[in-house]
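First the structure, in the form of structure tokens, and then the observations on it.
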Amino acid sequence: MAHAQLAHESSQETIAQFARYVIPNYRRFPVCLVRGEGSWVWDAEGHRYLDFFPGWGCNLLGHCPPRVVAAVREQVGQLIHVPNTWYMEPQGAFAQALSERSIGSHLQPGQCFFCNSGAEANEAAIKLARAHGHAHGRYKIVAMEGGFHGRTFAALTATAQPKYHVGFEPMVPGFVYVPYNDLEAVARVLDHETAAVLVEPIQGEGGVNIPGPKYLPGLRRLCDERGVLLILDEVQTGMGRTGHWFAYQQFGVAAEPDILTCAKALAGGIAAGVMIARAQVAEVLKPGMHASTFGGNPIACRAGMATIETIEEDGLLERGLAIGERFRSQFEALRRELPERIREVRVRGVMVGLDLTFDASDVVSECLKRLLLINATHGHVVRLLPALTISDELIDQGCAILADVLREMVV
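Count along the sequence shown from 1, add 12, and you get the number used in our numbering.
As structure tokens, then:
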């Protein structure tokens, strides 16, 4: 029986299976993870790891959060999947919950398109922006250098990092790149053919780059003045990671987008993505213009509702801010101790970056040896995306391991 084939005795058996049957398009660590709970994961040999990067940011509530697990188990026994030619109660409820916590108002709420990932959500946003501007010849998308929006073709083209384009040229026409956190650069390229500006409130893959406080409100103002849509990619920052439901909300309506995308943490670790748009923008998408077979399926939507319930009932937006300050305090002290190794500490809630003076990949490898899971991005940035449910004790434990590694590294 198929389930018997899962009973491997070691990570090496699974690694050998991957070598034979799985396309090697990922760089993988030589570890097979088999179980997770909260901020801990275990490998096939029984080693326990402290996870400061759970699910690449998808497991915002930690591994196997109880309310999400219960909701999924219940839904699997009721209705697993039906196509979007039918109405589904979980999708309607989830759409309302997201709209009420993001774009729009009670009189004119934002409207949702569900998919399965951040790339799909951004692809939908780009298509919607072009459809909205089509009658007026507006098709160009302005994107930011250092940004990351996904691996599908339009989202990949919007990702203004040439290393991701190699081997896939020519890219989709109509994209214009400008430096991040530079309002004047955006103003210079907006013209009568521009459909939208696409930007991350905080660049995650680009190195946890946090813009100045005038940047997002300034983009909103520029877009209003030029008749251009503002798209915010909150795939990584959304669902409470920065201490707000969405990162733009620290500025209130002054930075509210026309289109918002979210995925990763959207459904507590279950695959889900969403594009939320102002109703007057969303109305240009007519039946047949865009679709997603599994988008908004009952399991993902129940998991999403359980995620919202957990965040609100457990006070995790406020907890996220407190976690961020605890990380900031410890890492700023470490930066003062090691100024020749740490350039800058970047923190927004449970989104943390340490900009190092040397390549960060060896730091990740050494932390793995000490059973701490972290990430490196943009070459020299250590990135942490811990769970909102992590305890102070585990924060201190992981920070101590990382601090020891940074002190001991030979660079």
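Idealized CB from N, CA, C, for every residue including glycine.
Every value quoted in this text rests on a predicted model; they were computed, and no experiment measured them.
Pair every Cβ in the stretch 30–40 with every Cβ in the stretch 48–67, then say whether three or more of these pairs are closer than 8 Å.
no
Could you pull the DSSP bridge partners for Lys-152 from this structure?
Lys-152 pairs with Thr-206.
Check Glu-420 in the structure and name its three-state DSSP category.
helix
Inter-stretch contact (C-beta, 8 Å, three-pair minimum) for the stretch 87–94 and the stretch 285–303:
No: the two stretches stay apart, fewer than three of their Cβ pairs being nearer than 8 Å.
Name the residue from Gly-122, Glu-420, Ala-107 and Glu-157 whose alpha carbon lies nearest to the alpha carbon of His-390.
Glu-157
Whose C-beta lies closer than 6 Å to the C-beta of Ser-22 among residues of the same chain, with five residues either side of it excluded?
Ala-56
Tell me which same chain residues have a C-beta within less than 6 Å of the C-beta of Glu-420, skipping the five on either side of it?
Taken in chain order, the list of residues that qualify is empty.
Closest by C-alpha distance to Ile-320, when choosing among Phe-306, Asp-367, Pro-310 and Gly-252
Gly-252
So, Val-364 versus Phe-339, is the Cβ gap smaller than 8 Å?
yes
By a C-beta neighbour count over all protein chains shown, 10 Å radius and 16 as the cutoff for buried, is Ile-222 buried or exposed?
Ile-222 is buried by the Cβ-count criterion.
Local conformation of Arg-353 per DSSP, three classes
Looking at Arg-353 - three-state DSSP - the assignment turns out to be coil, as it is neither helix nor strand.
For Arg-60, count the other beta carbons within 10 Å of its own beta carbon; 16 or more makes it buried, fewer makes it exposed. Which is it?
With fewer than 16 other Cβ atoms from the protein chains shown falling within 10 Å of its own Cβ, Arg-60 counts as exposed.
Check the DSSP bridge columns for Asp-371 and list the partner residues they point to.
Beta-bridge pairing links Asp-371 to no other residue.
Reducing DSSP to helix, strand and coil, say where Pro-229 ends up.
helix
Would you decide whether Tyr-189 is buried or exposed? Buried here means 16 or more other CB atoms lie within 10 Å of its CB.
buried
First through last residue of the alpha helix (DSSP H) which encompasses Gly-104
For Gly-104, the enclosing alpha helix (DSSP H) stretches over residues 101–112.
Does the separation of the CB atoms of Ser-51 and Gly-74 fall below 8 Å?
Yes; because the gap between Cβ atoms is below 8 Å, this pair is in contact.
Go ahead and pull the three-state DSSP assignment for Tyr-192.
Coil at Tyr-192, not helix or strand.
Contacting residues, own chain, Cβ-Cβ under 8 Å from Ala-207 (five flanking each side not counted)
Ala-141, Arg-142, His-144, Gly-145, Arg-150, Tyr-151, Lys-152, Ile-153, Val-240 and Leu-241.
Check whether the stretch 326–335 touches the stretch 171–188, taking contact to mean three or more Cβ pairs, one atom from each stretch, closer than 8 Å.
no
Where Met-13 sits in the DSSP three-state scheme
Because the pLDDT at Met-13 is just 41, under 50, the model does not fix this residue reliably, and the point stays unresolved.
Going along the chain, which unbroken runs of the beta strand (DSSP E) with 3 or more residues stay wholly within the stretch 52–89?
52–55 and 60–63
Out of Gly-130, Thr-26, Phe-64 and Phe-106, which has the shortest C-alpha to C-alpha gap to Pro-310?
Phe-106
Could you check where the alpha helix (DSSP H) with Phe-165 kicks off and where it finishes?
For Phe-165, the enclosing alpha helix (DSSP H) stretches over residues 165–170.
C-beta neighbour in chain D for Tyr-227, strict 8 Å
Annotation note: the requested chain D is absent from the structure, which comprises a single protein chain.
Note the first and the last residue of the continuous alpha helix (DSSP H) segment covering Ala-388.
Per DSSP, Ala-388 belongs to no alpha helix (DSSP H); it is in the beta strand (DSSP E), 387–389.
Drop a sphere of 10 angstroms on the beta-carbon of Pro-42, count the other beta-carbons inside from all chains shown, and report buried for 16 or more, exposed for fewer.
exposed
Classify Glu-268 as buried or exposed, calling it buried when 16 or more other Cβ atoms lie within 10 Å of its own Cβ.
buried
In angstroms, rounded to a whole number, what distance separates the CA positions of Pro-78 and Met-317?
13 Å
My understanding is that Asn-71 touches Ala-283, with C-beta atoms under 8 Å, so please give their C-beta distance in whole angstroms.
So it is not a contact: roughly 12 Å between Cβ atoms.
Suppose the cutoff is 7 Å on Cβ atoms and the five residues either side in sequence are ignored; what does the same chain contact list for Ala-279 look like?
Ala-312, Ala-315, Gly-316 and Thr-319
Of all the beta strand (DSSP E) runs that stay within the bounds of the stretch 238–268, which reach a length of 3 or more residues?
Listed in chain order, they are 241–245.
Excluding sequence positions up to five away, which residues of its chain have a Cβ less than 7 Å from the Cβ of Met-13?
With a pLDDT of 41 at Met-13, under the threshold of 50, the predicted position of this residue should be treated as unreliable, though the coordinate-derived value follows. For Met-13, there are no CB contacts under 7 Å within the same chain when 5 residues up- and downstream are skipped.
Which word fits Ser-341, buried or exposed, when buried means at least 16 other C-beta atoms lie within 10 angstroms of its C-beta?
exposed
Let's test the definition: count the other Cβ atoms within 10 Å of the Cβ of Ala-166 and tell me whether it reaches 16, buried, or not, exposed.
Buried, by the Cβ-count rule.
Report yes if the CB atom of Leu-384 is closer than 8 Å to the CB atom of Phe-64, and no otherwise.
yes
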